[in-house]
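In the numbering used here, the protein residues as written are 15 to 141. Just so it is clear, CB atoms sit at the ideal spot from N, CA and C, and this is done for glycine as well.
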Ligand code: HEM
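Shown next as structure tokens:
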């Protein structure tokens, strides 16, 4: 069974000598990695003992960065711990994007049909 990491354990590993980070409900041991982090060590240290998900996602880390995570996994964070798991919704949901596309295609039909209607109105009722 996968290990469950408590809030106390997460807090206990919040220095450069032993550092855990919480991302998407999973806890990773980044002690070895932190010196190689392209973003520097202080940005990760600033997230020690907290949910680093938002900070990690805000940077827009690449797939290569995400591929580094699995070998560092310690376990899952206790769900009802003292810390709330961050909201991981991404801005601009897919629903609002498809709405915008739909509105665009409606307009694509509306404009030529209005012009056609105007032409026939002019043709039959006009001069
Ligand atoms: C612990 C897991 C993490 C891993 C494996 C990781 C890995 C990486 C990698 C590989 C890059 C190079 C660019 C890319 O491939 O996306 C990067 C850049 C960066 N990371 Fe992380 N990172 C982690 C956590 C964090 C956290 C918690 C922060 C907090 C803000 C952070 C901030 C940054 C920043 C600011 C850059 C950009 C550096 C630059 O382009 O100058 N990273 N990270």
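Backbone secondary structure at residue i - three-state DSSP
| i | result |
| --- | --- |
| residue 45 | coil |
| residue 57 | helix |
| residue 50 | helix |
| residue 101 | Here residue 101 scores only 46 on pLDDT, less than 50, and its place in the model should not be relied on; the value that follows carries that caveat. Coil, per DSSP. |
| residue 65 | strand |
| residue 40 | strand |
| residue 29 | strand |
| residue 88 | strand |
| residue 73 | coil |
Distance CB(residue i)-CB(residue j) smaller than 8 Å
| i | j | result |
| --- | --- | --- |
| residue 74 | residue 17 | no |
| residue 55 | residue 93 | no |
Beta-carbon contacts of residue i that lie in its chain and below 6 Å, excluding the five residues immediately before and after
| i | result |
| --- | --- |
| residue 128 | none |
| residue 25 | 63 |
| residue 37 | 66, 67, 70 |
| residue 137 | none |
Residues near residue i by beta carbon distance below 8 Å, same chain, minus five either side
| i | result |
| --- | --- |
| residue 58 | 33, 35, 44, 48, 51, 66 |
Beta-carbon proximity list for residue i, same chain, < 7 Å, skipping 5 on both sides
| i | result |
| --- | --- |
| residue 86 | 42, 43, 44, 47 |
CB contact check: residue i to chain B, cutoff 8 Å
| i | result |
| --- | --- |
| residue 76 | Of the protein chains in the structure, only one exists, and it is not chain B. |
What does the shell around the ligand HEM hold, if a residue joins when its beta-carbon is under 5 Å from any heavy atom? Cβ atoms closer than 5 Å to the ligand HEM belong to 35, 44, 52, 53, 57, 58, 61, 66, 69, 70, 73, 75, 76, 78, 79, 82.
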